[in-house]
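Reading the sequence shown from the start, the letters are residues 30 to 404 in my numbering.
From the three backbone atoms N, C-alpha and C, an ideal C-beta is built for every residue, glycine too.
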Amino acid sequence: MNFLNYIFSFCFILCFSAFGFSQKKVAVLLAEYDENASSNNLQHLVKYNFTDGVMTGKGNHHLFTNKKAGTTGDYVRFDIGKNVIYKNRYVITGIGNVIDIKTKKLLVAERAELIACSGDSIIFHTNDIFKGKYYSVLNIKTEKYQKIENANYNPVQRPDVEVDETTKPYTITAYYINGKKDVLVKDAGYGQPQPLLGDDVKRKFQLFWIDKSSFLYANYTKNQQAVSIYKVSIDKTVEKIADITEIPATSPNDVFVLSANNEIYYSCSKGKFLIDSKRNCKKVMFEAIGNNFSVESDENSKYGRLIKFEATELGKKWCKADNAKSISGYTALQNDIVIGTERYAQGVVVWNNITKKWTSIEASSLEEIIGWVEE
């Protein structure tokens, strides 16, 4: 009898240990404005920890300033462009900052475009009227950031392609290292519609590279009420993908986006369109945000957006689709409250496939959802 009790106890301990080691620990990383941000320009980078679907508390704050004495323009910003987490440790902001969340160090304060991450290297490109054009690389092992002096260095293996907005219609030209240049598109349209409000009427004319030799762009008519999506190759081959008509007056920028599922979307005031493998363009009802999660593309005036996991409806939230982040079994979305025409940030809501419940994170000063890390 004692021997049977021993065997039972031994098996119980083994099962308990196996269960203990199977705990899934993850954290969602949020950028939040300091409560006195208007005067001190400070931001917090905060981890909210989860174990087996249950939030277990906050990690330590990382503190950064978006303005710095002696510098001009933005210093560290999380609310411009797309933030990337590399190697479960390095936050690369949309303006080119790099932050080591393990050591809490700001490794790069320069403003540049992220080009690629490979091994211990994070590569950037600068195209500045004062600084010029060049590539830079951060070695995350040595924490050394430096300009690449080799003028022939080209990590993307394609020419520089630029839009000339001084002409009407715009033109698109490719510039090669050897000094050669080719006009790829003589009529690239008239740019995106101007915003309804605000002083900044400058619109970003976006080229979205599909591979090393071809890109997409949006060609607007002169009255800016219709747009054609074109695929252009550097051998001057031009292919029309789709026409979108009856474009309503708009304020936000139109944009091409690569989703978490590596799908290409084109978003404009007419809606969100998926460009599939055959280069067709069709309006979508739900946008994939990775790991089998999806969010309703268009916001419904009565309930916001419907969120799904696989085919299961998880609920309806006043949230944004473009900053939702996911990891296997978890998703995080910005949570707002809407009263009439007013909208107020409430923080972030998290759903997980372990407890199959929503968790609310109070972060009324939310700047951006950065993403998830495994603990």
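Where DSSP assigns a beta bridge to residue i, which residues make up the other side?
| i | result |
| --- | --- |
| LEU362 | VAL378 |
| ILE383 | In the DSSP output, where bridge partners are listed per residue, ILE383 has none listed. |
| ASP272 | SER257 |
| ALA247 | ILE258 |
| GLN175 | VAL166 |
| SER355 | THR360 |
| ILE318 | BP columns for ILE318 are empty, so no partner. |
| ASP193 | THR200 |
| PHE153 | LEU143, SER165 |
| LEU335 | LYS345 |
| THR266 | Note: THR266 sits in no beta bridge, so no partner. |
| SER410 | Because the chain in this structure spans residues 30 to 404, residue 410 falls outside the shown range and cannot be described. |
State the DSSP-derived secondary structure class of residue i, mapped to helix, strand or coil.
| i | result |
| --- | --- |
| SER67 | helix |
| MET84 | strand |
| SER296 | strand |
| GLN72 | strand |
| ASP228 | Residue placement at ASP228 is poorly supported in this model, since its pLDDT is 47, which falls under 50; the coordinates are not used for a value here. |
| PHE159 | coil |
| CYS310 | strand |
| ASN95 | coil |
| GLY110 | coil |
| LYS302 | Going by the sequence as given, residue 302 is Phe instead of Lys. PHE302 falls in the strand class under three-state DSSP. |
| ARG372 | strand |
| ALA56 | strand |
| ILE128 | strand |
| VAL185 | coil |
| ASN329 | strand |
| LYS133 | coil |
| ILE409 | Since the displayed the chain opens at 30 and closes at 404, residue 409 lies outside it and no answer follows. |
| LEU343 | strand |
| LEU22 | The structure shown does not extend to residue 22, since the chain spans only 30 to 404, so no value can be given for it. |
| ASP240 | coil |
| VAL214 | strand |
| GLU404 | coil |
Please report the Cβ distance between residue i and residue j, rounded to the nearest whole angstrom; I am assuming they are in contact, meaning their Cβ atoms lie under 8 Å.
| i | j | result |
| --- | --- | --- |
| THR360 | TRP347 | Not quite, the Cβ-Cβ distance comes to about 16 Å (not below 8 Å), so this is no contact. |
| ILE182 | CYS146 | For the sequence presented, residue 182 should be read as Tyr rather than Ile. Not confirmed; about 17 Å, so no contact. |
| VAL402 | VAL127 | Incorrect: roughly 15 Å between the Cβ atoms, too far for contact. |
| PHE234 | GLY220 | 6 Å |
| LEU143 | GLY400 | At roughly 14 Å, the Cβ-Cβ gap does not stay under 8 Å, so LEU143 and GLY400 are not in contact. |
| VAL256 | ALA247 | 5 Å |
| VAL318 | ALA340 | A small fix is needed here, since residue 318 is Ile in this sequence, not Val. About 15 Å; that fails the 8 Å criterion. |
Does the Cβ of residue i have 16 or more other Cβ atoms within 10 Å, making it buried, or fewer, making it exposed?
| i | result |
| --- | --- |
| GLU342 | exposed |
| LYS111 | exposed |
| GLU396 | buried |
| ASP283 | buried |
| VAL485 | Residue 485 lies beyond the stretch modelled for the chain, which goes from 30 to 404, so this question has no answer here. |
| SER150 | exposed |
| ASN69 | exposed |
| ALA392 | buried |
| TYR373 | exposed |
| PHE93 | buried |
| GLY333 | buried |
| ASN65 | exposed |
| ARG106 | buried |
Please find out if some non-hydrogen atom of the ligand SAH comes closer than 6 Å to the beta-carbon of residue i.
| i | result |
| --- | --- |
| PHE153 | Ligands are entirely absent from the displayed structure, and the ligand SAH is therefore not among its contents. |
Margin query: Does the contact criterion of 3 or more C-beta pairs under 8 Å hold for the stretch 155 to 165 versus the stretch 201 to 213?
Written below: In short, these stretches do not touch, since the Cβ pair count stays below three.
Q) Counting pairs of Cβ atoms below 8 Å between the stretch 89 to 98 and the stretch 367 to 376, do you hit three or more? A) Too few Cβ pairs lie closer than 8 Å, so no.
contact_flag[the stretch 239 to 257, the stretch 165 to 183] where n(CB pairs < 8 Å) is 3 or more:
No, they do not touch.
Per the contact definition of three or more C-beta pairs closer than 8 Å, is the stretch 302 to 309 in contact with the stretch 263 to 271? Touching, yes.
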